[in-house]
Amino acid sequence: MQYFLQNVVNGLQWGSFYALVAIGYTMVYGVLMLFNFAHGDIFMVGAYIGFFTATGLVALAAVGNIILPSWLILTLTMLIAMFLNALVGMAVERIGYRPLRDAPRASAAITGLMIGIILETGNLALLGASRLAFPPLIKPEVYNISGVYITNQKIIIIIIALSLTFMLHLFIRKTKWGMAMRAMAYDFVITPLMGVPLNTIIALTFALGSGLAAAAGVLFGIAYPVLGPYMGIIIGWKAFVAAILGGRGSVLGAASAGFLMGFIEIFVVMIFPSTMRDFIAYSIILLILTFLPNGFFGEPFSAKLRL
Amino acid sequence: MRKCIILLALVLILPLTAVSAAGKAETNVIKVGINAPLTGSIPKVGEGTVDSAKMWLADIKKAGGLEVGGKMYKVQLDIQDNESKAASAVKANTKMITQDKVLIIIGPQSSKQAVPAGEVANNYKTPMISPWSTNPKTTLNRPWVFRACFLDPFQGKVIANFVTSHFHYTKAAVLYDIASDYPKGLAEFFKKAWEKLHGPGSVVAYESFTTGDKDFSAQLTDIIKSGAQFLFTPQYYNEVALIVKQAHQLGWKNVIMGSDSWGSAELVKLAGKDVYGDFFSTHYAAAGAKGATKVFIDRYKAKYGYIPDDVAALTWDALNLAKTAIQNTGKLTGNISTDRKNVRDALAKVKNFKGITGEMTFTGNGDPVKSAVIVRINDKGQFTFFKQVKP
């Protein structure tokens, strides 16, 4: 039982990252019908911004001899990283995607791949290939709850991931901006004719997705404090799978699919030899998609006006 | 149209001239190729390689060149980045051998690159010394490929013996990357050695992951449940940092053992206090070094500002092995393929070479006979000499 519960905790933490990154994919995909393949690398940039912000804040507090409580540094790091990474996401859209908005979808898709490579190699050229150690913003404390080991880091990560997901969900469901995004997802051609500012909404979509990726990056840095320029690739791919699995444009769908994938990966190791993890995990996901080709919560859209 | 043809002709001719220029080997220059991971997943290894090589070259320059059979030769380093990828390492070797006409190649460091790159060197009949690759396949049935370190089977045995005699443990756990030659090979050799000592089933958890993974919580939960008395993880420093942290957060309190891939200056920087008190087997220990090893460490530290890790030390030994072999040929003919053959033959006969990582003797194949060191990471995060293990 403890063994099972321990793996539930493991799965929740690991799923949190898939969930947060998958939301960024699904939002852009929902609005633009475009796979933003650079999203994994935007997540990486977010983690690096978080690293520099956190290191800067810690250094600043040391210089000014101010004792900043660690929760304040964490909150500031999260907010600054999310804000700056939102700007990065908007810049990616402006430079990479907007000039190609009327180009064939394939061109826009490879743009994403190219921007991804530019971000990775740009990081490599700027910062060198050495791994960076993310500053320990939350001093890890291990709690032993009748055999199940939980750290304060894990609790904070899971809570932040869940609350950000619900905040975004409410934003999309309850605000005018959110309604515009949903309308755009439904029909990309008619909606702008109704007076919805196309460029603003698309920029907002990228900003929100990238902001969430930065939050994921900061949390990732806390949980796995070794940063490298290629850290976003695999998590990007897998989050992309989660985004599709969750259903196009659905925030809650992407989040729940992200958590589900985290659980599947962890529980496969629990039952089968770890050698087979991804092989079995992704066979299961393939099977799910075979029966649910639209994912869990796919929204309807007028397909005829697309592509 | 005509312009196009002229342009096309130019494009076709240009590489020809380049090739013919490269084909004219300068007679009084010895080119030494360095195949190192300057970028990619283990850049610190590349940095150590190049720093060591530059210090070696500076020594030769200071001596006015390298004397072979009474004639002074200038030495040039040809440094190529293999991006820590197998395909790039193969490409780098091919380029150095066929285009740059190097006499001998030092590198690649990791088995992942050294195994395929050794194939190329062997096919082109060019001597290659991998300073750090401990996988048997690197030199197996390859008369042209050598190494400056011991082998994985030996290291697996060393760790199994050390843990048995020092801790008297009987239950082992292993966590390794199944997609990478070095950890996979070492994990298998360790398992074999351990089960020989303690019987089948004494490796109570044998877990794996894939290159690039960051979360090991599921595997570590299995390992903790298995009741293992210690964990052996022959991974590279960036993964070790994540593994030890996650293990402790899941309630692991026992010792964690590693292999020579732990021995990077980066390890303690990334892993912090979580690796204090753990052990690994390696080629040399900086703290507690004496004699020529200490001289090397002091010079290196003065020059680059950090303590050389085992990669730097082994690269130094590999370069000096190359130097000894070149000098032992007695004479360079100027014909690159004859000279490569002579250097290879001389290298295979090197006896009692006094390296800073121990004395080496080659006994016909590419693997030297030498000893291993068990290192403990102390409470200040320093790598300290713990025990020497002879083969």
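So the protein sequences, as listed, match chains A and B.
First residue of the first sequence: 1, per this note's numbering; consecutive thereafter.
First residue of the second sequence: 1001, per this note's numbering; consecutive thereafter.
Note that the Cβ used here is the ideal one computed from N, Cα and C, for glycine as well.
Could you name the residues that DSSP lists as bridge partners for residue i?
{"i": "M1360 of chain B", "result": "B:F1353"}
{"i": "N1035 of chain B", "result": "B:Q1080"}
{"i": "E1239 of chain B", "result": "Looking at the DSSP assignment, E1239 of chain B forms no beta bridge with any residue, so it has no partner."}
{"i": "Q1388 of chain B", "result": "B:V1373"}
{"i": "F1209 of chain B", "result": "B:D1177"}
{"i": "A363 of chain A", "result": "Because chain A spans 1 through 307 in this model, residue 363 of chain A falls outside it and cannot be assessed."}
{"i": "M276 of chain A", "result": "Per DSSP, none; premise fails for M276 of chain A."}
{"i": "V1130 of chain B", "result": "According to the sequence provided, residue 1130 of chain B is Ser. The question's Val does not apply to it. Its beta-bridge partners are B:R1147."}
{"i": "P69 of chain A", "result": "None, per the DSSP bridge assignment."}
{"i": "W1287 of chain B", "result": "Going by the sequence as given, residue 1287 of chain B is Ala instead of Trp. According to DSSP, which records beta bridges pairwise, A1287 of chain B is partnered with B:T1384."}
{"i": "F1395 of chain B", "result": "In this structure chain B extends from 1001 to 1391, so residue 1395 of chain B is not present and cannot be described."}
{"i": "F1280 of chain B", "result": "B:G1258 and B:V1375"}
{"i": "I145 of chain A", "result": "A:V148"}
{"i": "Y1073 of chain B", "result": "B:L1066"}
Take residue i and list the residues in its own chain whose beta-carbon comes closer than 6 Å to its own, dropping the five residues that flank it on each side.
{"i": "M1360 of chain B", "result": "F1353, P1368 and K1370"}
{"i": "A1346 of chain B", "result": "A1325, N1328 and T1329"}
{"i": "K58 of chain A", "result": "Looking at the sequence shown, residue 58 of chain A is not Lys but Val. Closer than 6 Å at the Cβ level, and outside the excluded window around V58 of chain A, lie P135."}
{"i": "K1061 of chain B", "result": "none"}
{"i": "L1038 of chain B", "result": "G1046 and D1081"}
{"i": "N1378 of chain B", "result": "T1384"}
{"i": "G1185 of chain B", "result": "N1135 and D1152"}
{"i": "S16 of chain A", "result": "I157, I158 and A161"}
When the distance is taken between beta carbons, is residue j closer than 8 Å to residue i?
{"i": "I1129 of chain B", "j": "R1147 of chain B", "result": "yes"}
{"i": "Q1109 of chain B", "j": "W1144 of chain B", "result": "no"}
{"i": "A1121 of chain B", "j": "N1161 of chain B", "result": "no"}
{"i": "L219 of chain A", "j": "L289 of chain A", "result": "no"}
{"i": "A215 of chain A", "j": "L164 of chain A", "result": "yes"}
{"i": "K1085 of chain B", "j": "G1048 of chain B", "result": "no"}
{"i": "A257 of chain A", "j": "A242 of chain A", "result": "yes"}
{"i": "A239 of chain A", "j": "Y18 of chain A", "result": "yes"}
{"i": "Y1284 of chain B", "j": "G1381 of chain B", "result": "no"}
{"i": "W1262 of chain B", "j": "V1240 of chain B", "result": "yes"}
{"i": "L1270 of chain B", "j": "A54 of chain A", "result": "no"}
{"i": "V1389 of chain B", "j": "V1158 of chain B", "result": "yes"}
{"i": "A1322 of chain B", "j": "I1104 of chain B", "result": "yes"}
{"i": "A1372 of chain B", "j": "Q1155 of chain B", "result": "yes"}
{"i": "V1174 of chain B", "j": "V1102 of chain B", "result": "no"}
{"i": "T1126 of chain B", "j": "I1097 of chain B", "result": "yes"}
{"i": "G50 of chain A", "j": "A81 of chain A", "result": "yes"}
Enumerate in chain order the residues of its own chain whose CB-to-CB distance from residue i is below 7 Å, with the five nearest sequence positions on each side excluded.
{"i": "I266 of chain A", "result": "N7, N10, G11 and W14"}
{"i": "S947 of chain B", "result": "With chain B running from 1001 to 1391 in the structure shown, residue 947 of chain B is simply not present."}
{"i": "A1265 of chain B", "result": "K1044, Y1306, I1307 and D1309"}
{"i": "S1088 of chain B", "result": "N1082"}
{"i": "K1137 of chain B", "result": "V1115"}
{"i": "I1224 of chain B", "result": "L1250, G1251 and W1252"}
{"i": "I150 of chain A", "result": "V9 and Y143"}
{"i": "N1028 of chain B", "result": "Y1073 and K1074"}
{"i": "H169 of chain A", "result": "V251 and L252"}
Flag residue i as yes when its Cβ comes closer than 7 Å to any non-hydrogen atom of the ligand GTP, and as no otherwise.
{"i": "I110 of chain A", "result": "In the structure on display, the ligand GTP does not appear, and there are no ligands present to speak of."}
Whose C-beta lies closer than 8 Å to the C-beta of residue i among residues of the same chain, with five residues either side of it excluded?
{"i": "L1197 of chain B", "result": "A1160, N1161 and T1164"}
{"i": "A1025 of chain B", "result": "Since pLDDT at A1025 of chain B reaches only 47, below the 50 mark, its modelled position is unreliable, and the value read off the structure follows with that caveat. Here the set comprises K1101, G1334 and I1336."}
Q. Are at least three pairs of beta-carbons, each pair with one atom in the segment 1312–1321 of chain B and one in the segment 1332–1341 of chain B, less than 8 Å apart?
A. no
Q.
Measuring CB atoms only, is the segment 224–239 of chain A touching the segment 192–202 of chain A, in the sense that at least three cross pairs come out at less than 8 Å?
A. no
Q: Output, in sequence order along the chain, the residues in the segment 132–164 of chain A whose CB is closer than 7 Å to any CB in chain B.
A: A133, P140, V142, N144, Y149 and T151
Q) Taking a cut of 9 Å between CB atoms, which residues from the segment 255–275 of chain A lie near chain B? A) G262, E265, I266, F267, V268, V269, M270, P273, S274 and T275
Q.
Taking beta-carbon pairs under 9 Å, can you tell me which members of the segment 1195–1210 of chain B lie near chain A?
A. Y1206, E1207, S1208, F1209 and T1210
**Q.** Inter-stretch contact (C-beta, 8 Å, three-pair minimum) for the segment 1378–1385 of chain B and the segment 1165–1176 of chain B
**A.** no
Q. Any residues in the segment 110–131 of chain A with a beta carbon nearer than 8 Å to a beta carbon of chain B? Which ones, in chain order?
A. L124, G128, A129, S130 and R131
Q) Residues in the segment 1049–1064 of chain B with C-beta within 9 Å of chain A's C-beta atoms, listed in sequence order? A) none
Q | the segment 1366–1382 of chain B: positions lying closer than 9 Å to chain A by Cβ | A | none
Q) Counting Cβ pairs, one atom from each stretch, are 3 or more of them under 8 Å apart for the segment 1215–1232 of chain B and the segment 269–281 of chain A? A) yes
Q. Contact between the segment 148–161 of chain A and the segment 171–184 of chain A: three or more CB pairs below 8 Å?
A. no
Q: Note down, in chain order, all residues in the segment 236–247 of chain A with a beta-carbon under 9 Å from any beta-carbon belonging to chain B.
A: none
Q.
For the pair the segment 79–93 of chain A and the segment 35–54 of chain A, tell me if three or more CB-CB distances fall below 8 Å.
A. yes
(Q) So, does the segment 42–51 of chain A touch the segment 229–243 of chain A, judging by three or more C-beta pairs under 8 Å? (A) yes
Q.
Counting only Cβ-Cβ distances shorter than 9 Å, please list the residues of the segment 32–57 of chain A near chain B, keeping chain order.
A. none
Q: Mind checking the segment 1226–1247 of chain B against chain A and listing, in chain order, the residues whose C-beta falls within less than 9 Å of any C-beta there?
A: Y1237, N1238, E1239, A1241, L1242, K1245 and Q1246
Q.
Check whether the segment 1285–1294 of chain B and the segment 1253–1261 of chain B touch, using three or more Cβ-Cβ pairs below 8 Å as the test.
A. no
Q: Check each residue of the segment 8–20 of chain A: if its Cβ is closer than 9 Å to any Cβ of chain B, include it; give the result in chain order.
A: V9, N10, G11, Q13, W14 and F17
Q.
What are the residues in the segment 1130–1143 of chain B lying within 9 Å of chain A by C-beta distance?
A. none
Q.
To be precise: take each residue of the segment 1031–1042 of chain B, compare its Cβ to all Cβ atoms of chain A, and keep it if any distance is under 8 Å. Which residues remain?
A. L1038, T1039, G1040 and S1041
(Q) Which residues of the segment 1260–1290 of chain B have a Cβ closer than 9 Å to any Cβ of chain A? Give them in chain order. (A) E1266, K1269, L1270, A1271 and G1272
(Q) What are the residues in the segment 1110–1122 of chain B lying within 9 Å of chain A by C-beta distance? (A) none
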